[in-house]
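Participant: Per full-length UniProt numbering, the sequence shown starts with residue 1, numbered consecutively.
Virtual Cβ for every residue (Gly too), placed ideally from N, Cα, C.
Before anything else, here's the structure in question.
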Amino acid sequence: MLKPVLLSGGVGSRLWPVSREAYPKQFLPLASDNSMLVDTLQRLADLSASAPVVVCNEEHRFIVAEQLRSLGAADADIVLEPVGRNTAPAVAVAALQALQSDPEAVLLVLPADHLITDVEAFVAAVQLALPVAAAGKLVTFGVVPTEPETGYGYIRKGESLPGGASAIDRFVEKPDAETAQTYLASGEYLWNSGMFLLGAQDYLDELEQFAPEMLSACRTALELSGNDLDFVRLDQAAFAACPSDSIDYAVMEKTSRGAVIALDCGWSDVGAWSALWEVGERDADGNVIQGDVLIDNCHNNYLRSESRLLAATGVDDLVVVDTTDAVLIANRHNVQDVKNLVTALRSQKRSEVTLHARVFRPWGSYESLISSDRFQVKRIVVDPGQKLSLQKHHHRAEHWIVVNGTAEVTCEDKVFVLAEDESTYIPLGHKHRLANPGRIPLELIEVQSGSYLGEDDIVRYEDVYGRSDG
1 MLKPVLLSGG
11 VGSRLWPVSR
21 EAYPKQFLPL
31 ASDNSMLVDT
41 LQRLADLSAS
51 APVVVCNEEH
61 RFIVAEQLRS
71 LGAADADIVL
81 EPVGRNTAPA
91 VAVAALQALQ
101 SDPEAVLLVL
111 PADHLITDVE
121 AFVAAVQLAL
131 PVAAAGKLVT
141 FGVVPTEPET
151 GYGYIRKGES
161 LPGGASAIDR
171 FVEKPDAETA
181 QTYLASGEYL
191 WNSGMFLLGA
201 QDYLDELEQF
211 APEMLSACRT
221 ALELSGNDLD
231 FVRLDQAAFA
241 ACPSDSIDYA
251 VMEKTSRGAV
261 IALDCGWSDV
271 GAWSALWEVG
281 ERDADGNVIQ
291 GDVLIDNCHN
301 NYLRSESRLL
311 AATGVDDLVV
321 VDTTDAVLIA
331 NRHNVQDVKN
341 LVTALRSQKR
351 SEVTLHARVF
361 RPWGSYESLI
371 SSDRFQVKRI
381 VVDPGQKLSL
391 QKHHHRAEHW
401 IVVNGTAEVT
411 CEDKVFVLAE
421 DESTYIPLGH
431 KHRLANPGRI
441 PLELIEVQSG
451 SYLGEDDIVR
461 YEDVYGRSDG
């Protein structure tokens, strides 16, 4: 049976400030109205496949679960990585798990943050590759290049194989512009897409040969894993001991069983803002505009606003991205260097590298509206039927004002309901809980006051999401 494996461990740092560590690009609607994860799942609809496996960072588990639920894919397996170990171990764990229920499982390995505009061509390439994988080949998909791209690795095709595949002559690293031009002209090279079709057991056999320590660590991590709600949580110590490597380096560059299928499907890994300019709908002057944007005499720009009016005049070849708490301005031809800004933000321990102004939680979200030394104002949204943990704070008190929906409030031994325009006060040190018993989102304004307002000032006593402290 065909088993899709979606790799959702990336952070998309080159798409900062929209993509951030706590809510990276695969969960965002960057190229359509859906998130990239949802788009990836939807393009599997015409393939006869079993429920997918999604391998993700444990910090993103509730985001993944909610997006799968919204698509009606609640039967998917979600495997949580306690630490990142690159793609080879992630696929190994998925292969081991798939073999538990299907010894003939064939894995379709897809990054969750890629763009494909021609889904029919993608499906046709997968169907073409299925008998090649059934014959024992480890198949990768090589994208037919459309330009001398220097941001991708390449695969040089070898001899033709039965079924429309080619042997892999060699993998090559990202080339300089002149070398990329020769690759394009030769017709012998394909972009390395990072997508694979391979028998689960075939992959593990090759991993046993070329990276036995990795396979052993993955096997132990899965054997010692535990079920946490609807998630499979890998054993932290065993997985942390696993060597970190990509499928390419660990297996594909070493195996004699590799094959490549040429793929022409409007593919992009959306690795930088320039990629969204490339695939976006441009006006007559070459501008791609998203959000509330006003322009005059501008050419070949990517202009995106998520929070306010963005106005530009007389500028060319820029990327300008506005969010609630950060603005990026870059030359469109140098957007790969955004990663340098992210590195600088991280070294300064700036929260903007990790969190958006709006932070998503398994029960809903909160957004900081005003922040000062001794008070903070937040907008809190609790989804229908959800509730926060029973908790207390050592350093702050809270005022809650309901602006939409109905709130069920627990404060010490009292439980009561607040309707719209009603409010309550939670004194410092009191155990409390907020819940939404209604059928519409609960929205309230929270005013915090106290000597310390950090998110780590919290003691959880009960929590339906498994986050209790005691």
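Skipping 5 residues on each side, what residues in its chain have a beta carbon closer than 6 Å to that of histidine 395?
Facilitator: Along the sequence shown, read from residue 1 onward, the residue named residue 395 stands at position 395. Only Gly450, Ser451, Tyr452, Asp457 meet the Cβ criterion.
Participant: Please work out which residues of its chain come closer than 7 Å, Cβ to Cβ, to leucine 309, disregarding the five sequence neighbours upstream and downstream, and give them in chain order.
Facilitator: Taking the first residue of the sequence shown as 1, we reach residue 309 at position 309. Excluding sequence neighbours, leucine 309 sits near Asp292, Leu294.
Participant: Write down every uninterrupted run of the alpha helix (DSSP H) in the region 298-369 whose length is 4 residues or greater and which is fully enclosed by it, in chain order.
Facilitator: Runs found: 338-347.
Participant: Thinking C-beta only, is histidine 299 closer than 9 Å to aspartate 322?
Facilitator: Here residue 322 is taken as the residue at index 322 of the sequence shown, counted from 1. Here residue 299 is taken as the residue at index 299 of the sequence shown, counted from 1. No, they are not a contact pair.
Participant: Hey, how far is the Cα of glutamate 422 from the Cα of valine 402?
Facilitator: On the sequence shown, position 422 is the one that residue 422 refers to. On the sequence shown, position 402 is the one that residue 402 refers to. So the two alpha carbons sit approximately 6 Å from each other.
Participant: Work out the CA separation of valine 353 and proline 24 for me, nearest whole Å.
Facilitator: As a first step, residue 24 must be located in the sequence shown, where it is residue number 24. As a first step, residue 353 must be located in the sequence shown, where it is residue number 353. Those two C-alpha atoms are separated by around 11 Å.
Participant: Near serine 225, what residues of its chain come up, given a Cβ to Cβ distance below 7 Å and the 5 sequence neighbours on each side ignored?
Facilitator: Here residue 225 is taken as the residue at index 225 of the sequence shown, counted from 1. Answer for serine 225: Val232, Arg233, Leu234, Asp235, listed in chain order.
Participant: Pair every Cβ in the region 205-213 with every Cβ in the region 144-162, then say whether three or more of these pairs are closer than 8 Å.
Facilitator: Taking 8 Å as the limit for Cβ pairs, the verdict is that the region 144-162 does not touch the region 205-213.
Participant: Distance check for proline 52 and valine 100, CA to CA, integer angstroms please.
Facilitator: For the purposes of this step, residue 100 is taken as the residue at position 100 of the sequence shown. For the purposes of this step, residue 52 is taken as the residue at position 52 of the sequence shown. Sequence check: residue 100 is glutamine here, not valine. Roughly 14 Å between the two C-alpha positions.
Participant: Can you name the start and end residues of the beta strand (DSSP E) that tryptophan 400 belongs to?
Facilitator: In the sequence shown, the residue the question calls residue 400 occupies position 400. Residues 396-404.
Participant: State the CB to CB distance for the pair leucine 2 and valine 106, rounded to an integer number of angstroms; the pair is presumed to be in contact (CB under 8 Å).
Facilitator: Your numbering for residue 2 matches position 2 in the sequence shown. Your numbering for residue 106 matches position 106 in the sequence shown. About 5 Å; that satisfies the 8 Å criterion.
Participant: CA-CA distance, tyrosine 302 and arginine 332?
Facilitator: Start at 1 with the first residue of the sequence shown, and residue 302 comes out as number 302. Start at 1 with the first residue of the sequence shown, and residue 332 comes out as number 332. So the two alpha carbons sit approximately 8 Å from each other.
Participant: Measure the alpha-carbon distance for aspartate 230 versus leucine 80 and round it to whole angstroms.
Facilitator: Start at 1 with the first residue of the sequence shown, and residue 230 comes out as number 230. Start at 1 with the first residue of the sequence shown, and residue 80 comes out as number 80. Cα-Cα distance, rounded: 11 Å.
Participant: If you draw a straight line from the C-alpha of tyrosine 154 to the C-alpha of aspartate 337, how long is it?
Facilitator: Within the sequence shown, residue 154 is the residue found at index 154, counting from 1. Within the sequence shown, residue 337 is the residue found at index 337, counting from 1. Answer to the nearest angstrom: the Cα atoms are 21 Å apart.
Participant: Between glycine 194 and aspartate 269, is the Cβ-Cβ spacing less than 9 Å?
Facilitator: Position 194 of the sequence shown, counted from the first residue, corresponds to residue 194. Position 269 of the sequence shown, counted from the first residue, corresponds to residue 269. Their beta carbons are under 9 Å apart, which means glycine 194 touches aspartate 269 by this criterion.
Participant: Rounded to whole angstroms, what's the CA-CA distance from tyrosine 175 to valine 319? Just pull it up for me.
Facilitator: The residue given as residue 175 occupies position 175 in the sequence shown. The residue given as residue 319 occupies position 319 in the sequence shown. As written in the sequence, residue 175 is proline, which differs from the tyrosine given in the question. Taking the straight line joining both Cα atoms gives about 24 Å.
Participant: Just mark valine 382 as buried or exposed, buried being the case when its beta carbon has 16 or more other beta carbons within 10 Å.
Facilitator: Along the sequence shown, one-based indexing puts residue 382 at 382. It counts as buried.
Participant: Can you give the beta carbon distance from methionine 214 to proline 82, rounded, assuming they're within the 8 Å contact cut?
Facilitator: Taking the first residue of the sequence shown as position 1, residue 214 is located at position 214. Taking the first residue of the sequence shown as position 1, residue 82 is located at position 82. About 16 Å; that fails the 8 Å criterion.
Participant: In this structure, how does DSSP classify valine 119 when only helix, strand and coil are distinguished?
Facilitator: The residue given as residue 119 occupies position 119 in the sequence shown. Helix.
Participant: Quick one: is arginine 257 near chain C, going by C-beta distance under 9 Å?
Facilitator: Checking the listed chains, one finds no chain C in this structure; it contains a single protein chain.
Participant: What do you reckon, are the CB atoms on alanine 259 and valine 359 nearer than 9 Å?
Facilitator: Along the sequence shown, one-based indexing puts residue 259 at 259. Along the sequence shown, one-based indexing puts residue 359 at 359. No; because the gap between Cβ atoms is not below 9 Å, this pair is not in contact.
Participant: Just list the alpha helix (DSSP H) runs in the region 110-192, keeping only unbroken ones of 4 residues or longer that don't cross its boundaries, in chain order.
Facilitator: The qualifying runs are 119-134, 177-186.
Participant: Give the single residue among Pro384, Leu345, Leu369 whose Cα lies nearest to the Cα of lysine 378.
Facilitator: Position 378 of the sequence shown, counting from 1, holds the residue named residue 378. Measuring from the Cα of lysine 378, the nearest candidate turns out to be Leu369.
Participant: Indicate whether the contact test is met: 3 or more Cβ pairs, each with one atom in the region 406-416 and one in the region 426-442, closer than 8 Å.
Facilitator: Because the criterion of three Cβ pairs below 8 Å is met, the region 406-416 and the region 426-442 touch.
Participant: Give the secondary structure of glutamate 104 by DSSP, where H, G and I count as helix, E and B as strand, and everything else as coil.
Facilitator: Here the question's residue 104 lines up with position 104 in the sequence shown. Three-state result, glutamate 104: coil.
Participant: Only counting runs of 3 or more residues, tell me where the beta strand (DSSP E) segments fall wholly within the region 376-450, in order along the chain.
Facilitator: As far as the region 376-450 is concerned, its whole beta strand (DSSP E) runs of at least 3 residues are 390-392, 396-404, 407-411, 414-418, 423-426, 432-435, 442-450.
Participant: Relative to the C-alpha of proline 145, which residue among Pro103, Leu128, Trp191, Leu138 is closest?
Facilitator: Stepping through the sequence shown from its first residue, residue 145 is reached at position 145. The option with the nearest alpha carbon to proline 145 is Trp191.
Participant: Output the distance between the C-alpha atoms of lysine 387 and glycine 364, rounded to the nearest integer angstrom.
Facilitator: Counted from its first residue, the sequence shown places residue 387 at position 387. Counted from its first residue, the sequence shown places residue 364 at position 364. Whole-angstrom Cα-Cα distance: 9 Å.
Participant: Roughly how many whole angstroms lie between the Cα atoms of alanine 112 and alanine 125?
Facilitator: If you number the sequence shown from 1, residue 112 lands on position 112. If you number the sequence shown from 1, residue 125 lands on position 125. If you take the alpha carbons of alanine 112 and alanine 125, they lie about 18 Å apart.
Participant: Using the three-state DSSP reduction, which class does alanine 49 fall into: helix, strand or coil?
Facilitator: On the sequence shown, residue 49 is found 49 positions in, with the first residue counted as 1. Strand at alanine 49.
Participant: Please say whether tryptophan 273 and leucine 115 have beta carbons closer to each other than 9 Å?
Facilitator: Along the sequence shown, one-based indexing puts residue 115 at 115. Along the sequence shown, one-based indexing puts residue 273 at 273. No, the pair does not count as a contact, with Cβ atoms beyond the cut-off.
Participant: In terms of alpha-carbon separation, which member of Leu128, Gly280, Lys339 lies closest to phenylalanine 196?
Facilitator: One-based indexing of the sequence shown puts residue 196 at position 196. Checked all of Leu128, Gly280, Lys339; the closest Cα to phenylalanine 196 is Leu128.
Participant: Can the beta-carbon of valine 54 be found closer than 9 Å to that of leucine 68?
Facilitator: Counted from its first residue, the sequence shown places residue 54 at position 54. Counted from its first residue, the sequence shown places residue 68 at position 68. Taking 9 Å as the Cβ cut-off, valine 54 and leucine 68 qualify as a contacting pair.
Participant: Contact check, aspartate 264 vs alanine 121 under 8 Å by CB: the rounded distance?
Facilitator: On the sequence shown, residue 264 is found 264 positions in, with the first residue counted as 1. On the sequence shown, residue 121 is found 121 positions in, with the first residue counted as 1. About 6 Å separates the two Cβ atoms, so the contact holds.
Participant: Going by DSSP in three states, aspartate 228 sits in which element: helix, strand or coil?
Facilitator: The residue given as residue 228 occupies position 228 in the sequence shown. Strand, per DSSP.
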